[in-house]
Amino acid sequence: MVEFTGMPSLWQTIQQAMRLDQNIFADIQRVPGGLGIALIIVSLAGLSESLGQSVILFINRVRPRRFMLALLITAASHLVGYLLWTMTVWVVGVYVFGQTVSLTAIACVVGLAYAPQILAFFELTPFLGNPFSILLSLWSMVAVVMAVQMGLALELWQALLASGLGWAFIQIWRRTIGRPIYALGRWLQRRATGVPMEFTLSDLSLLRRHRAWPENLGNWRTRMSQRDLRGNVGKLFKREQPRA
Amino acid sequence: MLETLGDLATYFGIVLMGLLIWAALSPFETLGWWAGWFGEKIYVDNLPSDGFVRAVRDDSRGYILFLSGIGRVSGETFSRREQGFLQRLAVALPDAVIIDDIFPYSVNNLALTGQPVFARFWRWALRRKIDGAALAGNLINLRNVLQVLISADRRYSPIYNQAMAEVLLHGLLRYNYDVNRKTPIFIVGYSGAGQMAVGAVTYLRELIDAPIYVVSLGGIFSSDPGLLAVDHMYHIYGTEDWPQKLGLIAPGRWPLFAASEWNRARRQELITLLNIGPMCHTSTGGYLDIKSLLPSGVSYLDHTVAVISEIVRKHTQLPAGSNSFSITDSTSVQT
Numbered sequence: 007m008v009e010f011t012g013m014p015s016l017w018q019t020i021q022q023a024m025r026l027d028q029n030i031f032a033d034i035q036r037v038p039g040g041l042g043i044a045l046i047i048v049s050l051a052g053l054s055e056s057l058g059q060s061v062i063l064f065i066n067r068v069r070p071r072r073f074m075l076a077l078l079i080t081a082a083s084h085l086v087g088y089l090l091w092t093m094t095v096w097v098v099g100v101y102v103f104g105q106t107v108s109l110t111a112i113a114c115v116v117g118l119a120y121a122p123q124i125l126a127f128f129e130l131t132p133f134l135g136n137p138f139s140i141l142l143s144l145w146s147m148v149a150v151v152m153a154v155q156m157g158l159a160l161e162l163w164q165a166l167l168a169s170g171l172g173w174a175f176i177q178i179w180r181r182t183i184g185r186p187i188y189a190l191g192r193w194l195q196r197r198a199t200g201v202p203m204e205f206t207l208s209d210l211s212l213l214r215r216h217r218a219w220p221e222n223l224g225n226w227r228t229r230m231s232q233r234d235l236r237g238n239v240g241k242l243f244k245r246e247q248p249r250a
Numbered sequence: 388m389l390e391t392l393g394d395l396a397t398y399f400g401i402v403l404m405g406l407l408i409w410a411a412l413s414p415f416e417t418l419g420w421w422a423g424w425f426g427e428k429i430y431v432d433n434l435p436s437d438g439f440v441r442a443v444r445d446d447s448r449g450y451i452l453f454l455s456g457i458g459r460v461s462g463e464t465f466s467r468r469e470q471g472f473l474q475r476l477a478v479a480l481p482d483a484v485i486i487d488d489i490f491p492y493s494v495n496n497l498a499l500t501g502q503p504v505f506a507r508f509w510r511w512a513l514r515r516k517i518d519g520a521a522l523a524g525n526l527i528n529l530r531n532v533l534q535v536l537i538s539a540d541r542r543y544s545p546i547y548n549q550a551m552a553e554v555l556l557h558g559l560l561r562y563n564y565d566v567n568r569k570t571p572i573f574i575v576g577y578s579g580a581g582q583m584a585v586g587a588v589t590y591l592r593e594l595i596d597a598p599i600y601v602v603s604l605g606g607i608f609s610s611d612p613g614l615l616a617v618d619h620m621y622h623i624y625g626t627e628d629w630p631q632k633l634g635l636i637a638p639g640r641w642p643l644f645a646a647s648e649w650n651r652a653r654r655q656e657l658i659t660l661l662n663i664g665p666m667c668h669t670s671t672g673g674y675l676d677i678k679s680l681l682p683s684g685v686s687y688l689d690h691t692v693a694v695i696s697e698i699v700r701k702h703t704q705l706p707a708g709s710n711s712f713s714i715t716d717s718t719s720v721q722t
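Going down the list, the protein sequences come from chains G and U. Residue numbers for the first sequence follow my numbering, beginning at 7 and rising by one. Residue numbers for the second sequence follow my numbering, beginning at 388 and rising by one.
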């Protein structure tokens with residue numbers, strides 16, 4: 007277990023952040039190793055989130071080796087998202103609310119707010135994963151508001167406003183200046199996966215894995231006699247790419 | 388004492404976390420199949436016919452696919468009650484082909500005892516279960532329950548149910564099913580396999596242009612698009628069978644969601660609910676129990692066989708049996 011001077015262990019820090027303990031959000035800004043802890047938490051959350059979102063990789067039939075590479079790239083993109091959040095919260099705190107706070111301190115508390123996302127992997131759980139993902143989103147939102155409140159020393163309503171402004175800035179950035187960066191990220195992912203990544207979860211109900219079956223079934227029947235059926239069933243199955 | 392309680396809580400937490408991680412990893416088999424990680428093969432156990440079940444019949448008038456409950460580890464029927472049930476069904480329906488060598492909790496019909504990584508573990512669990520140890524049997528049940536949940540989860544169901552449809556078609560073709568003759572197909576889903584049966588119909592319908600009926604025997608299923616794809620579904624249940632009510636966890640099964648597949652299928656009269664007596668879900672007093680008797684003196688097993696064989700006869704126009712009765716839309720069936 008990693009121990010940092012003046013802080014509980016990494017595991018206890020994660021637990022307290024998940025419990026939305028205000029003290030840990032305050033403490034992490036003051037200790038020398040706080041940023042390191044924040045970065046570890048963000049990395050763990052990024053890996054968990056990328057696993058939790060890996061269904062899209064399977065839908066697009068990414069091969070195992072490239073699957074691992076794609077996971078790492080997705081996890082890395084979460085780090086970029088973390089930096090964006092940090093910058094946005096700092097800019098809102100300094101220029102909108104006139105607070106005097108270092109970027110490092112903001113980076114520490116925003117990183118802690120990622121702690122609930124360490125459980126994002128459990129979104130994969132069948133049947134229960136969907137309601138859990140909703141719970142996790144709400145949990146993370148509360149964690150972000152707490153991080154903003156403790157990091158910028160704001161009142162709750164100010165923290166809510168600051169979080170909302172931060173979210174709005176990110177949405178605007180994504181659709182304007184940030185578009186080339188997101189495009190680069192998608193290009194990198196396509197290069198890593200080796201497939202076009204053309205399908206999403208919403209396409210799944212339209213995809214068929216062996217679409218040639220109906221045609222094959224008719225042709226196959228005219229070629230095979232009834233006696234040959236049991237021995238030749240396997241020839242009917244051919245590998246096909248999924249098509250909508 | 389507190390230390391002991393604390394230790395207990397810690398162990399419980401570790402076990403719970405382990406189960407949750409197992410649950411979260413469970414869809415990877417289905418997803419990996421879709422992505423082509425495990426090849427294209429559909430596995431077959433190559434079980435010989437006993438003269439009743441798994442017998443190839445020319446000019447069969449109906450094909451019955453029996454999908455067993457969550458206690459299975461392979462396509463082989465170990466349960467003597469199930470063996471007895473299927474043999475009696477074969478006697479009652481001599482013109483039907485009865486197929487029971489399908490393992491519905493695998494995307495490619497691969498038995499748990501044949502898996503490349505965990506085969507030894509599952510063989511150990513099976514041996515322990517046969518010897519009577521409850522925990523090992525519960526591990527098998529839990530693993531298969533997760534597959535049932537995958538079939539019911541909208542994120543994974545298109546994948547899993549497509550795979551199941553292919554396995555079912557593969558099973559039919561192995562027993563000389565002629566797709567041109569459009570012989571009716573009856574998928575009997577026992578317990579958790581009720582969901583597998585219903586889920587597969589949507590995609591089996593695209594592969595076979597024949598009537599497809601689902602017979603849910605104490606089946607547990609969600610509100611699935613397959614309910615609207617069946618020609619008809621019969622949900623057979625006993626008054627003492629509470630596990631079959633677990634399907635009601637799915638919000639689509641609630642009357643509140645009028646537009647759900649379940650409620651639409653009910654309104655379209657695609658579903659018949661059949662209360663066949665005071666049977667419980669399994670084992671003694673269950674649908675396949677030969678020793679428990681109805682007031683009429685008929686065993687639960689024989690009554691279940693009679694109900695299902697009457698359903699098959701109704702849709703295959705086979706001659707009625709000696710103890711036949713009418714399957715209507717009423718909620719109870721009495722001999």
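Virtual Cβ for every residue (Gly too), placed ideally from N, Cα, C.
- With contacts defined as CB atoms closer than 8 angstroms, U/Ile457 and U/Val554 fail to qualify as a contacting pair.
- The residue from U/Leu680, U/Ile485, U/Asp628, U/Phe425 with its alpha-carbon nearest to that of U/His668 is U/Asp628.
- Proximity of the stretch 414 to 430 of chain U to the stretch 632 to 649 of chain U falls short of the contact definition, fewer than three beta-carbon pairs being nearer than 8 angstroms.
- With a threshold of 8 angstroms between beta carbons, U/Arg654 makes no contact with chain G.
- The way I'd put it, the stretch 63 to 73 of chain G doesn't touch the stretch 120 to 133 of chain G; fewer than three beta-carbon pairs between them come closer than 8 angstroms.
- Within chain G, no residue has its beta carbon less than 9 angstroms from that of U/Asp482; the closest one is some 17 angstroms off.
- With 16 or more other CB atoms across the displayed protein chains lying within 10 angstroms of its CB, U/Glu416 is buried.
- Residue-level contact check: G/Arg214 touches chain U, since one or more beta carbons of chain U fall below 8 angstroms from its beta carbon.
- U/Asp611 is the residue among U/Leu560, U/Leu633, U/Asp611, U/Val601 whose C-alpha sits nearest the C-alpha of U/Arg651.
- Annotated as proximal: U/Ile623 and U/Ser603, with beta-carbon spacing under 8 angstroms.
- By the neighbour-count criterion, in which 16 or more other beta carbons inside 10 Å mark a residue as buried, U/Val478 falls on the exposed side.
- Residue pairing from DSSP places U/Phe453 in a beta bridge opposite U/Val575.
- Neighbours of G/Phe128 in chain U, taken as residues whose beta carbon is under 9 angstroms from its own, are Leu407, Ile408, Ala410, Ala411 in chain order.
- Taking a C-beta distance under 8 angstroms as the contact criterion, U/Leu533 and U/Ser683 do not qualify as a contact pair.
- With contacts defined as CB atoms closer than 8 angstroms, U/Val601 and U/Gly576 qualify as a contacting pair.
- According to the DSSP secondary-structure assignment, U/Ala550 is paired through a beta bridge with no residue.
- In the DSSP annotation of this structure, the continuous segment of the beta strand (DSSP E) that includes U/Thr659 starts and ends at 658 to 662.
- Scanning its chain for C-beta atoms nearer than 8 angstroms, with the 5 sequence neighbours on each side dropped, one finds around U/Leu480 the residues Gly449, Ile451, Ser696, Val699, Arg700, Leu705, in chain order.
- Residue contact check for G/Ser49 against chain U: no CB pair falls below 8 angstroms.
- For the pair U/Thr570 and U/Pro503, the Cα-to-Cα distance works out to about 36 angstroms.
- Within the stretch 520 to 538 of chain U, the residues whose Cβ lies closer than 7 angstroms to any Cβ of chain G are, in chain order, Leu533, Leu536, Ile537.
- The alpha-carbon separation between G/Phe205 and U/Asn567 amounts to approximately 34 angstroms.
- Proximity of U/Leu418 to chain G, defined by a Cβ-Cβ separation below 8 angstroms, is satisfied.
- For the stretch 418 to 432 of chain U, the set of residues with a beta-carbon nearer than 8 angstroms to any beta-carbon of chain G comprises Leu418, Gly419, Trp421, Ala422, Gly423, Trp424, Glu427, Lys428, Ile429, in chain order.
- Here the stretch 517 to 528 of chain U does not lie against the stretch 541 to 560 of chain U, with fewer than 3 beta-carbon pairs under 8 angstroms apart.
- With a contact defined as Cβ atoms closer than 8 angstroms, G/Gln195 and G/Ile43 miss out at about 28 angstroms.
- Distance check between G/Ser139 and each of G/Leu63, G/Ser54, G/Ser49, G/Ser108 places G/Ser54 closest, using alpha-carbon atoms only.
- Listed along chain G, the residues sitting closer than 9 angstroms to U/Gln549 by beta-carbon distance are Leu213, Arg214, Arg215, His216.
- It is roughly 47 angstroms from the alpha-carbon of U/Gln470 to the alpha-carbon of G/Leu77.
- Judged by DSSP secondary structure, G/Ser143 falls within the alpha helix (DSSP H) whose first and last residues are 135 to 158.
- Shown here, U/Leu680 sits in a strand according to DSSP, grouped into three states.
- For U/Tyr543, the neighbours in chain G by C-beta distance under 7 angstroms run, in chain order, Pro132.
- In the same chain as U/Lys516, and ignoring 5 residues on each side of it, the C-beta atoms closer than 6 angstroms to its own belong to Ala523, Gly524, in chain order.
- Cα atoms of U/Phe573 and G/Tyr188: separation of roughly 51 angstroms, rounded to the nearest angstrom.
- U/Leu454 is the residue among U/Val588, U/Tyr687, U/Leu454 whose C-alpha sits nearest the C-alpha of U/Ala580.
- Considering only U/Gln631, U/Ala483, U/Leu594, the residue with the shortest C-alpha distance to U/Gly606 is U/Gln631.
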